[in-house]
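Below you'll find the structure, written out as structure tokens, and then a few comments.
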Amino acid sequence: MVKSFEVYKSLCQLPALTGGRISANSGNRTLLSVDSIWSQRDLVRNDTIKFSKKYIVQLEKGASDTSGIVCSFPPDEINEFAKSVWLYAIFSRILYFVRMCRTYTADCRRVAVFRKVTPTKRSGAANSPEASEFLDVFDVVLNSKIHSCNLKSAEQHGKVHIALGQPQWSPDGNRLLYVAERFQKIVGYSDPKYQPPHDDYPECNEFAGKEHWGEQMNDICHPVIAIFDLKTGMITVLDHLMDDWAPTEPVWQPDGGGFIFVAMNEKPIKLGRLFCFNRECRLVSYNLESGKAQFISPPGNAISSPRFSPDGAMLVYLATEIGGPHAKASKLRLRNSDGDVILVNTVAKTNSDEEFPGLYAADLPQRCWSNDGKRVLMSSVWGSTMVILSVDVGNRTVSKLKDSRDCLYEHSWMLLDVAEDCLLASVSSPNSPNRLALSRLPEKDSNCQVKWLLFPETAASEELRKTFSWNSLCFRRSALPDEPAELGDAKKHPVRSHLLKAYRQGSISADCMATRRSPFGLLDKLCPFAGAVCLFRLCCSSWQVYFFCQRELGMNDDVVFLVNYRGSFGFGEDFLQALPGRVGKLDVLDCRHACDTVCEYDRHIDPNRIALFGASHGGFLVLHLIGQFARHFRACVAMNPVTNISAMYNCSDIPDWCVVEALGEDLKLGNVLDKQKQRVMWEASPIQYAEKVVTPTLFLLGNSDLRVPSSQCKEFITILKSRNVPIRVLNYPENCHSLNKVDAECDFALNALAWIDRWCWSNDGKRVLMSSVWGSTMVILSVDVGNRTVSKLKDSRDCLYEHSWMLLDVAEDCLLASVSSPNSPNRLALSRLPEKDSNCQVKWLLFPETAASEELRKTFSWNSLCFRRSALPDEPAELGDAKKHPVRSHLLKAYRQGSISADCMATRRSPFGLLDKLCPFAGAVCLFRLCCSSWQVYFFCQRELGMNDDVVFLVNYRGSFGFGEDFLQALPGRVGKLDVLDCRHACDTVCEYDRHIDPNRIALFGASHGGFLVLHLIGQFARHFRACVAMNPVTNISAMYNCSDIPDWCVVEALGEDLKLGNVLDKQKQRVMWEASPIQYAEKVVVTPTLFLLGNSDLRVPSSQCKEFITILKSRNVPIRVLNYPENCHSLNKVDAECDFALNALAWIDRWLKTTAEEQQQRHLASF
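Take the sequence shown: its letter number 56 is residue 56 in the UniProt record's numbering, and every next letter is one higher.
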């Protein structure tokens, strides 16, 4: 591996071309300046650096080689926070478009650069300044910086979002248009600078849930458009241009009186934007003088890349129909004074590789028009390569530019810039990294033949080209014997794939393979959406590392095979649309057939030494392959794989992918995913074959992956572990779906190489004192070792009856303990160990309590209620033994005078709070251990505010521990029924017990299982409750099973049986879990205003499983609020989080208890 790492370091010397620009010399039109931007991995700095390289080119007519380069300048590192917007930046096949943080005026006199800089510490200042975003403006003629603005200090907006649009100079070159985050300065409850607002509902938003645009765009929540005026140095922010639409890609109108922009629909929720070209967007025109915005494009489309012609008379843009697969074909539309027309339409099917398959383009170049405004130039996927297209605006025809040399056949071409009828492009292939190329735009009658001027390649690139050979295979397959009937049209579409080989002498024929049988790597496309295509864009991919290392180590006969299964884009819409509704079947069978075919095609490939590598959808496929065809493969590497589509649906930023690909229909937000659809998703997933897997598998998981969260892999990994399948799991902190950080990429590439090589090539102490739950309190027990008896230590004073005791230490026959009750926080107590014949009576020395504790004790009264309940009229038959077990609960009251009798309540009817115990397991018990719990905060605040007559009721429903095993074991298999009915009955009973409690003013609070219960209560008995607060609640047990650290809880409580690791959870069991969950009531019943308190680091009940429940309530206009607490686990135990959620819960409950019956009825009607 040492040598492998050295080889990897040499590969890191290959830079990636990320952008370029052409500038013409005003005096000599054939003398061009070419400025290129490159990125390169720096392993020492653990960062991707960026540098520019400039060339002066003499481009004569007919120039075809590098002799036209007059001079080149040394690379110059830049610190702009320019970034490439990667569309599927994983391994060899990569399509990306570049938005740079520098932009030029039309006359190229001024250039604006956005960069992140740490200013120098001012003389005498105590602290060094923090890094800030700066906007610098340079004058090219004066050769100097003419303006610099610290955007952070200006406090006009937040972070600049280059990913949402290239900054644009106005036609006069005095104003700069760009997109940034809305400025927000929030002070939390726990901040010393906090000042309560002057309104009725002082709810703090420090931890309010912020919707964002998903994977790699989670810092984009509320984009706004900003205009920088160079003359005044002022920044103007235009916010709320269109309600419920987020502005992106602003472009100045030709007269400078306004601009157009692309508006993204934010309702009902924000879904993942990156890689998804089918999100609803519309083109909007904004007039600066009138301040009015209006839609100018038809609805039902995803709009991108608006580009004005040189004379400003025409506007072209890409439009894709919303819904369906993420990367389907786009239309090129043109808007002018005559209206809006389609220049290039979609293509259903092609009969040959030479026929135009339709536009599969993510973006148009910033400058894409010919000088005469008659042609639009762009890059698009054509088959398995990227090509440059010329679209004739007049006759609406599309032509592919063709290189005049055979040596560049089937290379991929990415158009970077168009200026002065010259084209700047990047050319690459599987064995040749990015290379800069320049050419004149061919004449219309030239058959689109182009003679490219190729810029020099690096020594490392040349070495890489000598390492690999490659060729394409295209084949049709007949239906396999075990293929489902609905896939019988398998022969309709040819499947094109690429075979790559490492070789010694440079021959690229198939016969040059070494004599010994070579392992074969089937690498599926690693895109995050259905449809793979080989674009060969990344200069240092994992398979290149693998080949290069094998060559250096003397094992240089390996083969890599990349498959464009049906569902890939670039081959026409029929080919793309063949996959939705057949995922996990059609794509898997295509890959299997490709594997069998290539083994027959090349006799040097050993079919018994095949390894698999895939990421995202590719990971989904390789796990399917090792499940369905278990003993065909030696090793498998799965990077952020989809293992269970039904589980991914609940936690991914692209739930629509799950619905489209598995069900073949569009996502309908607001509807619960029913049992039948969940079953179909599950059957399309690798999880159903997990019990059959025997192939050694390496999992590469990004902990910050929002697209395919690693939590949905947990069940699959657990099953493999329990069945002793050799596996290894690598987790990469702070890495997203593409694992694109430098250290992560280095680690997973070399670990994947090592894994594949390994598996392809390897043949006086007489009493024990302890605390334990006894009934609804904690007690101290003495266990006699000799006679095996248990005794409870009893306090000799009645005032401490029913308090909870926690033993802290035992030494010298002395006991140190903590004592507490609902109205008395922890207090230290000390006593001697009682004699054996003393009836276990203990005289405790109580340490002084604090003034705050004393005040709290004077605030509350409390007493216990114990009752048995008869079966309710609507209670299921299997719960008919409801009278067997008494239910003990605690009633707590706030009062003025200190009396603890039930008659001391104030005369007005009091709101009632049902708070379940906040334990993370089934069976909650009131241990009264927490010094400052949420209900204590609630009472204390109510007392201070003069509203001190509220009641809190805590229920030990059946299933709680401390009351014997029968009481505890009554719940498993009946969760969501028995516990919910116990709580309902407790609520009814306490209202009858205390006449001061108003049954129409009841609020609920619960966490974990308690959250599960309160959501059940507002679902099953919707109109009984005014408000609800749910902290890290269980909403869907079947979804929780796939992502929780306690999957056994889901099985035990919902099914009443023990977890059997190694077995797939079948459809029937998933249905039972779903029916025991609150999610089944979300769609049609829930109307109660609900506050969700979620810990982002919760591993017990991950917040992802709440997503569907929250989305449904939002879409039904149920009043909800979501507070997310970063770096907080299941208990939300950080100080600022506890302060925030306690006071926000108080504000929420107060707010909704104040509503009138009429307001409540109107809200209920609005929800339906």
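No residue lacks a Cβ here, since even glycine has one placed at the ideal position from N, Cα and C. Bear in mind that the values here come from a model prediction, so they are computed numbers and not experimental data.
- L343 places its beta carbon less than 9 Å from that of V376.
- Considered as a whole, the region 303-356 harbours 315-321, 331-336, 339-344 as its complete beta strand (DSSP E) runs of no fewer than 3 residues, in chain order.
- The alpha-carbon separation between S304 and L701 amounts to approximately 32 Å.
- A Cβ-Cβ contact shorter than 9 Å links L1013 with D979.
- When rounded, the separation of the alpha-carbon atoms in L1099 and E1053 is 18 Å.
- Note on geometry: alpha-carbon atoms of L753 and Q1080 lie some 46 Å from one another.
- Cβ-Cβ separation between V262 and P298: approximately 14 Å, too far for a contact (criterion under 8 Å).
- Within the region 780-833, the runs of beta strand (DSSP E) at least 3 residues long that lie entirely inside it are, in chain order, 789-792, 804-811, 814-821, 824-832.
- Assigned with DSSP and collapsed to three states, C736 falls in coil, not helix or strand.
- With respect to the 9 Å criterion, F748 and Y732 are classified as neighbours on the basis of their beta carbons.
- Under the three-state reduction of DSSP, M770 is assigned to strand.
- Assignment of beta strand (DSSP E) within the region 643-670, counting only whole runs of 3 or more residues, yields no such run.
- Judged by beta-carbon spacing, L612 lies beyond the 9 Å limit of V642, meaning their Cβ atoms are not closer than that value.
- Annotated three-state conformation of Q294 is strand, per DSSP.
- Burial check for T777: the Cβ neighbour count within 10 Å reaches 16 or more, so the residue is buried.
- By the C-beta criterion, the region 660-675 is judged not to be in contact with the region 687-694, since fewer than 3 inter-stretch pairs fall below 8 Å.
- Look at E77 here: in three-state DSSP terms it is strand.
- Excluding sequence positions up to five before and after G188, its CB lies within less than 8 Å of the CB of Y194, C204, E206, F207, D1136, C1139, D1140, all in the same chain and listed in chain order.
- Less than 9 Å separates the beta-carbon of S432 from that of E457.
- In the three-state DSSP reduction, M234 falls in the coil class, being neither helix nor strand.
- Under the three-state reduction of DSSP output, Y360 falls in the coil class, being neither helix nor strand.
- In the displayed model, K185 falls within coil according to three-state DSSP, outside both helix and strand.
- Here T385 is bridged, per DSSP, to W382.
- Cβ-Cβ separation between A1076 and I1018: approximately 16 Å, too far for a contact (criterion under 8 Å).
- Taking C-beta atoms as the reference points, V729 and M648 fail to come closer than 9 Å.
- When DSSP states are grouped into helix, strand and coil, Q841 belongs to the strand group.
- Contact annotation: L739 and L769 have beta-carbon atoms that are not nearer than 9 Å.
- L1123 has its alpha-carbon roughly 17 Å from the corresponding atom of L1015.
- Within its own chain, the residues whose Cβ lies closer than 6 Å to the Cβ of F620, once the five positions on either side in sequence are excluded, are P641, V642, listed in chain order.
- Under the DSSP assignment, K1154 falls outside any alpha helix (DSSP H); it carries neither an H nor an E label.
- Going by DSSP, V140 is part of no beta strand (DSSP E) at all; its letter is neither H nor E.
- Bounds of the alpha helix (DSSP H) holding V990 are 978-993.
- Here the region 353-365 lies against the region 561-580, with 3 or more beta-carbon pairs under 8 Å apart.
- As DSSP reads the structure, K193 sits in no beta bridge.
- At least 9 Å separates the beta-carbon of F277 from that of A246.
- In this structure, DSSP gives C71 an extended state, which the three-state scheme calls strand.
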